[in-house]
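Rendered as structure tokens:
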């Protein structure tokens, strides 16, 4: 009886990611995997929207999915992995790389390939906000406005240092020229903050090496880490942001924290946003050193699949109740 050939490994990537390094990395990984007897397919996407469209509608005829790019690339590719119940391997080449680096996935091609071939599949958390899956965080208010303004720019800088400078310049412009946002936040059905200027709902540590807002966030505990900066005058907000850069404590930076599974964000002038946790919804190929610290997960073929269409309920295991619920923290007056 003839053996059944294993489904191919699918590699997706954004050519411009990592200052143009993603293309070479994708081709090198494909070449090496073929040398090891794997069938491999490559798909390149110039725009993130094209990857998102493919991810939502692609046939599930691959055994594993390698996504090469930044955090937005990983989140878009995760929809395909979750929809078809196949493992995702995130290779970081973007600007932030918060999700992949949380699992210590290497950037160097040979090390990344070794981690892929010898890693283990683990179930990790994802989030959904406004009908879109995210792996890192959903942010609102001042920092989100700065990020969107830079990334929506006609000539977004590709070099890392120029990109940092663009963020600083945009932050200064928004802080001094525009009114501060006003955001009300509810967590698990209770008021948490009545008036905030920054809100981040995080699945991993956010802005590592820049502004570490959620250093304790874990993508494997079934909870979001929620952090808000309470409203103040713009000079005080500017001073608080400087304090964050200098690693001052929450008392000096006006931050409040909690953990939650559902968050509702009401930003003045915008439609309310619902954010909810999808615990253990994504099968992830994790490097061996990190896999030992995470609980084992069933094989990808037997995992419940996430319904990727908008509004569909997530089919996943209930979250482990081992983090402190936010209810005990009360709310601001």
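Numbering (this note's numbering), first residue to last: 28 to 360. Just so it is clear, CB atoms sit at the ideal spot from N, CA and C, and this is done for glycine as well.
Under the 8 Å Cβ criterion, the region 159 to 171 counts as touching the region 224 to 244, having at least three qualifying pairs.
Inclusion of residue 288 and residue 252 in the CB contact set at 8 Å is not warranted, their separation being larger than that value. Exclusion of the five residues before and after residue 55 leaves 136 as the residues of its chain whose Cβ lies within less than 7 Å of its Cβ. DSSP places residue 117 in the strand class (E or B) of the three-state scheme. Counting along the chain, no alpha helix (DSSP H) covers residue 96; the unbroken beta strand (DSSP E) around it starts and ends at 91 to 96. Cβ neighbours of residue 280 within its own chain (closer than 6 Å, five residues either side excluded): 267, 270, 271. It is roughly 11 Å from the alpha-carbon of residue 38 to the alpha-carbon of residue 96. Residue 263 has its alpha-carbon roughly 43 Å from the corresponding atom of residue 109. Under DSSP, residue 71 forms a beta bridge with 40.
Nearest to residue 35 by C-alpha distance, out of 142, 316, 92, 62, is 92. Straight across, the Cα-Cα distance linking residue 292 with residue 241 is about 18 Å. A residue is called buried once 16 or more other Cβ atoms fall within 10 Å of its Cβ, and residue 111 is buried on that count.
In the structure shown, the three-state DSSP call for residue 241 is coil.
About 29 Å separates the beta carbons of residue 233 and residue 145, which is beyond the 8 Å limit, so they are not a contact pair.
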